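Residue numbers (the numbering used here), protein chains in the order written: chain H, 201 to 626; chain B, 68 to 497; chain C, 324 to 823.
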């Protein structure tokens, strides 16, 4: 009996179709670049568009004719798109990045050329600094999401944790006269919502999306009620915390662009950086992280090896609450110095989007948060140069960017396999 | 703490039930039926629990009650009697503001007061309930179709915008104008709902994220719109639009009793729409598809139902319902567009939809309850000085308890029975 | 009650087979032993000492390891990560930094010692099923267990892989480990077991020696003799109904799952597709149904191309479909039986139109179908279908698909997890439909089912049909084909890819 084994390669490469994803994006980029060149070029005036790396618009700057700049950078974007049609795969991300940046500069050339005379400069240092600053709560909120969802508890209640954190920070920082007490209280505020989330989701098996949404309403109502009953009646006693101090890192804070963004920070900035690193290392290099990821992917497997699934989930959700509450303190101790009803204005949900956009990883979430922070910072900058675009539309920018990001990417990201599923033994 | 926690309240209650012999007497059996945790009982108990917690909040946030805590251990009675006074007064106002004020009835019967005062609370309740029923339905319909529509607020805003624009820009005759404005509201809201439905069907983008983002986009759009020339009220300097023409305003139903009775055709619209949606879910082909896709999209796809197109239709229909809700506000009570024209009626709609267990008539009764809390809360705020925000807390607590029947049963040591919880199959991750 | 007063004793260095039908309570018993379930009464003795096993941790400490029927492996983890989980090799004290190098070394050691051939650095989801199973065994062995429970380990293996596994079991036995081997396959039991305990309906019905005859074991196991034979006449194949040419399909992860399949199913015949699960059968069927895109090749139904048609178009063209995963793809569990019976025809006369459904017609249909197909539920079918037993759920699907005239009937694993009575009923229905002139495509990983029903058998291996044979072909030969070994006597020139 002659036997022969049919042993085909189990992974067969896709037949190379001409319309690959790369080429589709390339064509899209060409179109965007050309539109930018034509549209922004036509709309721009010949006034110089000035760019400076500094934090203020005074001082030295690189300038160019606005119309020429808009056209040239639009064409560069189109060329980058064209290059994507023929380039090797490893160049794709670089070309895409180049195309996006060029499109953005083309757009800015138009905007700056339309700005009033003395305002035709954009201070990139300031944009970088406010991008980072605006991203901070998003980073912290997304990290809270990472902690919960890596262990398979969906956290839609980040918004509520922010609100509780912001409220507690304002109230206790004022009462105690110390922002550090405020930050501690903020963590506990976030913890309260996390505790409700954990008990109701893990013990009482309530649907986690429903639960998150309702907990947000609860936090909104509770902080609003206490605000009206206490703070509104006596602001100076309950609602006048101090700013957190700024800690410059000597030397490093003088670096152009990065210095003001990363080294003239405060507890939230340095805290966020430390937490990103801690959670990243923890998740991928420690016993806790291995178990957390196992519980998020296949809790039964973890259980059969003696990992205490539910205890780990409780612990992670609660720690997540602390982190999100800390993020909430940002609103009352850094961006303003008093609490207001519904002051987080949906940023908890943007943090959730950053978590998904960042593929449930700490570093990815941080980058996504920075992207949203940049969109907000850009809106602020454009507002300050009297952009012809109405401020209402500029304010939409981060939210629309979120939709585009999630719609463009979400089909290709993989959530932890057990995310949202309660674990019931047997 | 781990292995033990998996035993749900059902298990605990089941264990208890095994040990108890069935009651012999009629009264015993009656009580046992009542206390068996059916859906209705759980809802009632949830409301009760929420009111209790609300009462605790009232007490501890009150300055004078807190003053008694300083000597609590020497004279605790002060603390309790003062708390009781505060809480019972607040809830009495809540009742008087939402159902009926006995004093007003007496006055009207004696001829010393007007009947308008008697009907005022119920008129307010129904006025608030009408848009809530519609936005609640907007959430519920999507929920039945397996989608989590947090975008009701934005859809209602866009609906209000559409209705208002049709209301003061189109010169149409009485009657037709009203209908056209309502249709515009539904259409613009529907368009706003279409977007996340389309994105979900096409790219898989989770509707929780996209709808929330669209809420903010709608809010900023509204803010921009109402200061534009031709939209802004020329006689005003603040951000407010022209008023809707009289021909496009919803008729006040009890206007003959007095001008303060605001209840209008909106509640009639709401009832008709609730009935229509109930029929649609039960009897129509689209309703069958919607329910099938909501309960099991995989099996629906295998049976040849277009899951993506159903998602798009469901979200469009939900958006239209929310838009209608926004329209009834701007055409009924608000008349002009402002930044906060619809208040939080969209977000409240989520809670109403959940409390009504996503069933049309359930949603309607939940809307009545929430409308009553809102109307009574207004009176509680002005008469007892309790912030209206408390109503929001109570509403959220009610829904938390309803969503966690096991929790309510644990608290009240109820026997197990079939209780419909919320959102089975909703959280399948992202 | 899944287990009722069962006693079981396993000696050191013994391979003890636990034999029983699906649902007899074998897995329940082992889950109790492993601490996943708690016994209501009775006790567990290890080395003659009573132990209390409250969870897997206790079981492992008592020297008990288990390889579950559904593997307990985290798919996105590497082999080493899966093995170290729960007993991590760490440095850095309380922080517990993972020491992956030590974990890898341990995996290699154990793998080498018992000749398991497991690479610690591969990601588990990329491994073949047989290899994943060996990872599970490594996992147990690194925890120094003395007793290893293997729950239905051969269900997902090819005959060759099964032979390898039995060899591994012998190696383990030689090293002094005890093994509990749970199965319902008699041949394997006879081949390897030292002692056999038979379980039926949660009770021990007897202990047997390995030389007990197959018939004796079978009747012990089932309680009555079952004939997996279906009375059927010779097929009278008519015109081709389904024609596949060069069909290629990708799986969810974008890998080629079906790679150039040519097949024809004629009217009035049952074409059975045999093969170990995961060789592309699922994807092939989904592609035929329009549920999964066809990457290359053509599909024709009654001579007309079906590429690009929606699932609904294909169903309406006269295709009936029983999906493999009943509860996910076949039924809406919270719908009533009546609603599920019209799940794909609710908008056609007489059950409804484009706009409305007709509850009366749906109810009437439900009554008729429930009676005709002997579905055990209320007569009107107002119960939620999820409350029915597996067999009755499957009957609902079959009843639904047979309620309209069919040209082609596709049944994927039609009797998986179904009780014996329902199996016979469903088999008779399939044969009946064939005799009426419908083309039937039957996909089953149970070779016996394919042998009993099919008029021709196509064997799928790694996305290809490597042979089409007659049902008279010896079992062993088909078994070899399922393992990818083609022989001259069995090959019918379908093997067009001599690429090795």
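The beta-carbon is built from N, C-alpha and C at its ideal position, and this holds for glycine as well. Quantities reported herein were computed from a predicted structural model and do not represent experimental measurements.
Pick from the options: whose alpha carbon is nearest that of residue i?
i             : options                    : result
residue 682/C : 354/B, 480/B, 405/B, 434/B : 354/B
residue 605/H : 555/H, 578/H, 408/H        : 555/H
residue 331/B : 192/B, 229/B, 419/B, 281/B : 192/B
residue 571/C : 580/C, 598/C, 417/C, 361/C : 580/C
residue 592/H : 443/B, 411/B, 293/B, 362/B : 293/B
residue 362/B : 177/B, 396/B, 212/B, 369/B : 212/B
residue 487/H : 412/C, 553/C, 567/C        : 412/C
residue 168/B : 206/B, 447/B, 126/B        : 447/B
residue 242/B : 317/B, 336/B, 160/B, 324/B : 317/B
residue 534/H : 549/H, 383/H, 257/H        : 383/H
residue 569/C : 554/C, 544/C, 617/C, 522/C : 617/C
residue 534/C : 522/C, 607/C, 515/C        : 515/C
residue 566/C : 494/C, 608/C, 797/C        : 608/C
residue 652/C : 628/C, 369/C, 736/C        : 736/C
residue 219/H : 261/H, 260/H, 285/H, 229/H : 285/H
How far does the beta strand (DSSP E) with residue i in it reach, from first residue to last?
i             : result
residue 644/C : 642–645
residue 372/C : 372–374
residue 309/B : 307–310
residue 526/C : 526–531
residue 474/C : 470–474
residue 248/H : 248–252
residue 589/C : 579–589
residue 405/B : 403–405
Going along the chain, which residues of its own chain have a beta-carbon closer than 6 Å to the beta-carbon of residue i, five neighbours each way excluded?
i             : result
residue 334/H : 573, 576, 577
residue 530/C : 520
residue 263/H : 248, 250
residue 460/H : 255, 325, 329
residue 548/C : At residue 548/C, the pLDDT of 46 sits below 50, so the modelled position is not reliable; the number obtained from the coordinates is stated separately. Hits under 6 Å: 542.
residue 418/B : 462, 466
Near residue i, which residues of its chain fall below 7 Å by C-beta distance, leaving aside the five closest residues on each side in sequence?
i             : result
residue 760/C : 561, 590, 591
residue 401/B : 408
residue 477/C : 485, 488, 506, 508, 511
Which of the three DSSP states, helix, strand or coil, is assigned to residue i?
i             : result
residue 680/C : strand
residue 573/C : strand
residue 393/C : coil
residue 783/C : strand
residue 819/C : Model confidence at residue 819/C stands at a pLDDT of 38, short of 50, so the residue's coordinates are unreliable and nothing is read from them.
residue 420/C : strand
residue 808/C : strand
Only counting the same chain, and skipping five residues up and downstream in sequence, which positions put a Cβ closer than 8 Å to that of residue i?
i             : result
residue 88/B  : Because residue 88/B sits at a pLDDT of 45, beneath the cut-off of 50, its placement in the model cannot be relied upon, and the point is left open.
residue 695/C : 722
residue 454/B : 448
Could you spell out where the alpha helix (DSSP H) holding residue i opens and where it closes?
i             : result
residue 798/C : 798–805
residue 494/H : 487–497
Next item on the list: Starting from the N-terminal side, write out each stretch of the beta strand (DSSP E) that is 3 residues or longer and does not extend beyond the region 613–673 of chain C.
Entry: Complete beta strand (DSSP E) runs here, min 3: 617–624, 642–645.
As an exercise, report each continuous alpha helix (DSSP H) stretch of at least 4 residues that is fully enclosed by the region 708–732 of chain C, in chain order.
As far as the region 708–732 of chain C is concerned, its whole alpha helix (DSSP H) runs of at least 4 residues are 713–724.
What are the uninterrupted segments assigned as alpha helix (DSSP H) that are 4 or more residues long and contained completely in the region 256–333 of chain H, given in chain order? Whole alpha helix (DSSP H) segments, 4+ residues: 266–286, 292–314.
Alpha helix (DSSP H) segments (min. 4 residues) lying fully within the region 234–311 of chain B: 243–270, 274–292
Please give me, in chain order, every unbroken run of the alpha helix (DSSP H) with length at least 4 that falls completely inside the region 431–482 of chain C. 452–464
message = If we require 4 or more residues per run, which alpha helix (DSSP H) segments fall completely within the region 152–184 of chain B?
response = 169–177
Self-check item: Start-end ranges of the alpha helix (DSSP H) lying completely within the region 513–587 of chain H, minimum 4 residues
Solution: 547–557, 562–584
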